[in-house]
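The structure appears below as structure tokens.
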Amino acid sequence: MDELDFLILRELQQDGGMSLTIIAKNLDVSIGTIRNRMAKLLEDNTVQIIGRIDPNKVGFHAYARIFISVKPAKLIQEAAEKLSLFPEVSFLAMISGKYDLELNVQCRDNNHLIELMERIHPLEGVFETETNMYLKVFKIAQPDLDLVKDLWVK
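Following the working numbering, the numbering of the sequence shown begins with 370 at its first residue and continues without gaps.
Structure representation (structure tokens):
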């Protein structure tokens, strides 16, 4: 990645549907250059063009963070692979501390969340869970590229 790639990403964060022509104009480079750079950024999964929705407005009213302890530890990877297939899971990571995995889930309602927990608990290795409900989400955002700007802009 170089400065131009970084600047393209900043443009897309402002408007993910921005045309390549407008990006080229804003950055004062040719459309062909932008087209080639975008193809590379898409190919290596640096960027994915998606429509970000407001989950609450489309029917997801139960957000939760679930911590999972896996025993024995050698089953962590296997448990994570199975959990990653659940459509409710929007974030999954191995973490340090008391628990081994952290999931963020989006469910239709509390009954849907209970049903999800009933699918999680029988997974091999799931030893203990702790669930925290998000009562109100104030911000969902992409990373602020300005925080790493000095890595790309010289």
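We put the CB at the ideal spot given by N, CA and C, even for glycine.
Taking one beta carbon from each stretch, the region 444–453 and the region 476–488 have fewer than 3 pairs nearer than 8 Å; the two do not touch. With contacts defined by Cβ atoms closer than 7 Å, glutamate 493 and serine 438 do not form a contacting pair. Annotated three-state conformation of threonine 498 is strand, per DSSP.
Annotation: the region 421–456 contains the following complete segments of the alpha helix (DSSP H) (minimum length 4 residues), in chain order: 445–452.
With contacts defined by Cβ atoms closer than 7 Å, glycine 401 and arginine 477 do not form a contacting pair. One Cα belongs to proline 441, the other to aspartate 413, and the distance between them is close to 35 Å. In the DSSP secondary-structure assignment, methionine 463 is bridged to Leu470.
With contacts defined by Cβ atoms closer than 7 Å, leucine 485 and glutamate 457 form a contacting pair. At the C-beta level, isoleucine 435 and threonine 500 come within 7 Å of one another.
Its chain contains Thr498 as the residues whose beta carbon lies nearer than 8 Å to that of histidine 490, once the 5 sequence neighbours on both sides are disregarded; these appear in chain order.
For the options Gly385, Ile422 and Asp423, the alpha carbon positioned closest to that of methionine 407 is the one of Gly385.
Our two residues, glutamate 372 and arginine 488, have alpha carbons roughly 46 Å apart in a direct line. Assignment of glutamine 383 by DSSP, reduced to helix, strand and coil, places it in the helix class. Restricting attention to Ile445, Asp515, Pro512 and Ala431, the CA atom closest to the CA of lysine 505 is found in Ala431. Put simply, the backbone Cα of glutamine 383 is about 15 Å away from that of lysine 394.
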